[in-house]
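Student: Here you go, one structure.
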Amino acid sequence: MLIDPTTDEDARTQRTPSPRLQLIAFGGLMASLAAGYGVLFTIVDDYRDVYGISETAIGIIIGIGFLAGFLAQLLIAPFADRGHARTVVLLGVGINIAGLLLMAIGTTILPILIGRFISGIGIGAAAPAIRRIVILAYPEDLGQNLGRLLAAEVFGFAMGPAISAVLVGPLGIPAPFIVVAATTAVLLPFVARVHVEENTDPPRRRLATDLLRIRPFTGAVILGATVFVMIGTFDALWALVHSDLGTAVWIANLGITLFALPLIVLGPTGGRLAQTFGPFRLAAFGLTAGAIFMSLYGVLATGGLIFAVAMVHAVSDGLTISSTGVAVGMVVPEDRQAGAQGVLGAAQALAGGVMAIVTAVLYDNFGRATAYIVCAVVMLVLVATGSWLARSAWTLKRPLRVTEHDPVLTDR
307 MLIDPTTDED ARTQRTPSPR LQLIAFGGLM ASLAAGYGVL FTIVDDYRDV
357 YGISETAIGI IIGIGFLAGF LAQLLIAPFA DRGHARTVVL LGVGINIAGL
407 LLMAIGTTIL PILIGRFISG IGIGAAAPAI RRIVILAYPE DLGQNLGRLL
457 AAEVFGFAMG PAISAVLVGP LGIPAPFIVV AATTAVLLPF VARVHVEENT
507 DPPRRRLATD LLRIRPFTGA VILGATVFVM IGTFDALWAL VHSDLGTAVW
557 IANLGITLFA LPLIVLGPTG GRLAQTFGPF RLAAFGLTAG AIFMSLYGVL
607 ATGGLIFAVA MVHAVSDGLT ISSTGVAVGM VVPEDRQAGA QGVLGAAQAL
657 AGGVMAIVTA VLYDNFGRAT AYIVCAVVML VLVATGSWLA RSAWTLKRPL
707 RVTEHDPVLT DR
């Protein structure tokens, strides 16, 4: 029997989801993954006041999730480049749900710490695989689509404080973790039905650390790590600083939500801006501004002033923070995207985890000004280093069409 080739082509076209469906499916998943972290971020003062967990221990709880993400993104995420992208996403999300439930039932540091570690493993595995699927599905819209994923992720993170504010009072600390876990579980069947074009010719290397020989890629990774030096410090200290300054709880929680709004609204615009202005230049500008904002948090006298500066900071981040992911997507071969995003995420997780712990210790022992100013100095050093390494791609505005053995990769 003869088969009409056009019929086969039509069938493949029908199985391929529209850009809107794919972004809704995976954007929703990114939002749910981030919501669990948003919940944790806003109840750390409850951990201290209700469970008696110290500031240093809180920093370790936050930091170990980043470190778990580091391991997962380095060791597990590359499997998404080897024909297992959807499997990595689904397994990672399932592991994250288990971690959320463990944090829900924990009342002492050990189960909470283990739950945070498990959750970090799940998120670290799933997030790079999601980005790979979206990048390769529509490479011409790389910047805008990564910006949309960022917007979804930030939206989920911003929902964390709202969920906590509504549920913790009447139902207790476990409630928001259980709600987020249930919501994430509901999304899994929908994501499982989305058709994914898997790689049928996987790269020879299982790990992606060999990509660090690409100097612009290494520069982009360092700039991306700088983002999480800022985030790790911000996350570890925000609730504690406002609690110690006597800021009204509703203002502290509202600040988190309002900080997220520009990132949600401006995320796609920031992605397009990265392709227009150049992701490396935009990242360096935004992170330098971020270092200035972080130093201001250390010297401002009241929670209200910190809140006001944070709103300006949020607009700056909304327009610039997606640029490091765009830069990575532009300078690596197409068949290494998940591994590359995993290396970026691993560096970010390591930087965020280390800084969360370091700044919590600094805050506990030396005060607010020292903690924030140390963060700002570290950021400026990393921005200078990353910009120097990426100097050959400084004006890059479109993806490089390179293969794994292209000499441009080594910047020679």
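The sequence shown lines up with residues 307 to 718 when you count with my numbering. Glycine is no exception: its CB is placed at the ideal position from the N, C-alpha and C atoms.
1. Buried or exposed: where does Arg674 fall if 16 or more other Cβ atoms within 10 Å of its Cβ makes it buried?
2. Put His390 into one of helix, strand or coil per three-state DSSP.
3. Using CA coordinates, which residue listed in Gly398, Ile364 and Ile427 is at the minimum distance from Leu373?
4. Ignore the nearest five residues each way along the sequence and tell me which others in Leu329's own chain have a CB closer than 6 Å to its CB.
5. What are the boundary residues of the alpha helix (DSSP H) that includes Ala432?
6. Please identify the residue among Arg697, Asn671, Thr608 and Ser601 whose C-alpha is closest to the C-alpha of Pro585.
7. In its own chain, which residues sit with a C-beta less than 7 Å from the C-beta of Gly449, not counting the 5 before and 5 after it?
8. In terms of alpha-carbon separation, which member of Val680, Leu564, Ser629 and Gly475 lies closest to Phe583?
9. What do you reckon, are the CB atoms on Ala300 and Gly344 nearer than 8 Å?
10. Could you compute how far the alpha carbon of Thr701 sits from the alpha carbon of Met636?
11. Report the start-end ranges of each alpha helix (DSSP H) in the stretch 601-662 that is 4 residues or longer and not cut off at the edges.
12. Looking only at its own chain, which residues have a Cβ that is under 6 Å from the Cβ of Leu529, when we skip the five neighbours before and after it?
13. Identify, in the order they occur along the chain, each residue of the same chain with its Cβ nearer than 8 Å to the Cβ of Pro417, setting aside the five sequence neighbours on each side.
14. Could you check the C-alpha separation between Pro568 and Leu452 for me, to the nearest Å?
15. How many whole angstroms separate the CB atoms of Val667 and Thr362, which I take to be in contact at a CB cut-off of 8 Å?
16. Compare the C-alpha of Leu396 against each of Ala597, Ala491, Asp352 and Val683 and name the closest.
17. By alpha-carbon positions, which one of Ile401, Asn559, Lys703 and Leu686 ends up nearest to Ile420?
18. Near Ile382, which residues of its chain fall below 6 Å by C-beta distance, leaving aside the five closest residues on each side in sequence?
19. Can you find at least 3 beta carbon pairs, one from the stretch 650-658 and one from the stretch 530-548, that sit closer than 8 Å?
20. State the DSSP-derived secondary structure class of Trp544, mapped to helix, strand or coil.
21. Short check: CB of Tyr353 to CB of Ile364, under 8 Å?
22. Between which two residues does the alpha helix (DSSP H) harbouring Pro384 extend?
23. In the DSSP assignment, find the unbroken alpha helix (DSSP H) run with Asp355 in it and report its ends.
24. Identify the continuous alpha helix (DSSP H) that holds Thr676 and give its terminal residues.
25. Do you know whose CA, among Leu695, Ala433, Gly592 and Gly538, lies nearest Ala646's CA?
26. Out of curiosity, what's the CA-to-CA distance linking Gly651 and His548?
27. Taking only the alpha-carbon atoms, compute the straight-line gap between Val399 and Met336 and give it to the nearest angstrom.
28. Applying the criterion that 16 or more other CB atoms from any shown protein chain within 10 Å of the CB defines a buried residue, is Arg519 buried or exposed?
29. Throw me the rounded Cβ distance for the Ala341 and Ile469 pair, which I believe falls under 8 Å.
Tutor: In short, the structure shows the following:
1. By one-based count along the sequence shown, residue 674 stands at place 368. Under this definition Arg674 is a buried residue.
2. Taking the sequence shown and counting its residues from 1, the one referred to as residue 390 is at position 84. Of the three classes helix, strand and coil, the one that applies to His390 here is coil, per DSSP.
3. Translated into the one-based positions of the sequence shown, residue 373 becomes position 67. That would be Ile427, whose Cα lies nearest to the Cα of Leu373.
4. Looking up residue 329 in the sequence shown gives position 23. Closer than 6 Å at the Cβ level, and outside the excluded window around Leu329, lie Arg454.
5. Here residue 432 refers to the residue found at position 126 of the sequence shown. Note, Ala432: alpha helix (DSSP H), Ile415 to Ala443.
6. Taking the sequence shown and counting its residues from 1, one reaches residue 585 at position 279. Selected option, being the one with the closest Cα: Arg697.
7. What you label residue 449 is simply residue 143 of the sequence shown in a count that begins at 1. Excluding residues within five positions, the ones whose Cβ falls inside 7 Å are Gly577, Arg578, Ala580, Gln581 and Val632.
8. Position 277 of the sequence shown, counting from 1, holds the residue named residue 583. Nearest C-alpha to Phe583: Ser629.
9. Lying outside 307 to 718, the shown extent of the chain, residue 300 is not represented and no answer is given.
10. Position 395 of the sequence shown, counted from the start, is the residue given in the question as residue 701. Position 330 of the sequence shown, counted from the start, is the residue given in the question as residue 636. When rounded, the distance between both Cα atoms is 12 Å.
11. 609-626 and 629-637
12. Against the sequence shown, residue 529 aligns to sequence position 223. Same-chain partners within the cutoff: Ala589, Thr630 and Gly692.
13. Taking the first residue of the sequence shown as position 1, residue 417 is located at position 111. Correct list, in chain order: Leu408, Met409 and Ile411.
14. Residue 568 sits at position 262 when you count from the first residue of the sequence shown. Residue 452 sits at position 146 when you count from the first residue of the sequence shown. Approximately 16 Å, taken between the alpha carbons.
15. Translated into the one-based positions of the sequence shown, residue 667 becomes position 361. Translated into the one-based positions of the sequence shown, residue 362 becomes position 56. Contact holds; Cβ gap of about 6 Å.
16. To locate residue 396, count along the sequence shown from 1; it is residue 90. Selected option, being the one with the closest Cα: Ala491.
17. Mapped onto the sequence shown, residue 420 falls at position 114. When each option's Cα is compared against that of Ile420, the closest is Ile401.
18. Within the sequence shown, residue 382 is the residue found at index 76, counting from 1. Hits under 6 Å: Ala431.
19. yes
20. In the sequence shown, the residue the question calls residue 544 occupies position 238. DSSP places Trp544 in helix when its eight states are reduced to three.
21. As a first step, residue 353 must be located in the sequence shown, where it is residue number 47. As a first step, residue 364 must be located in the sequence shown, where it is residue number 58. Contact: yes.
22. Here residue 384 is taken as the residue at index 78 of the sequence shown, counted from 1. Careful: Pro384 lies outside any alpha helix (DSSP H) and carries neither H nor E.
23. Translated into positions along the sequence shown, residue 355 becomes position 49. Residues Val350 to Tyr357.
24. The residue given as residue 676 occupies position 370 in the sequence shown. That run of the alpha helix (DSSP H) goes Arg674 to Leu695.
25. The residue you call residue 646 lines up with position 340 of the sequence shown. Nearest of Leu695, Ala433, Gly592 and Gly538 to Ala646, Cα basis: Ala433.
26. Looking up residue 651 in the sequence shown gives position 345. Looking up residue 548 in the sequence shown gives position 242. Between Gly651 and His548, the C-alpha separation is close to 29 Å.
27. Walking along the sequence shown from the start, residue 399 turns up at place 93. Walking along the sequence shown from the start, residue 336 turns up at place 30. If I take the Cα positions, the gap works out to 10 Å.
28. Within the sequence shown, the letter at position 213 stands for residue 519. Per the 10 Å Cβ criterion, exposed.
29. If you number the sequence shown from 1, residue 341 lands on position 35. If you number the sequence shown from 1, residue 469 lands on position 163. Right, their Cβ atoms sit about 7 Å apart.
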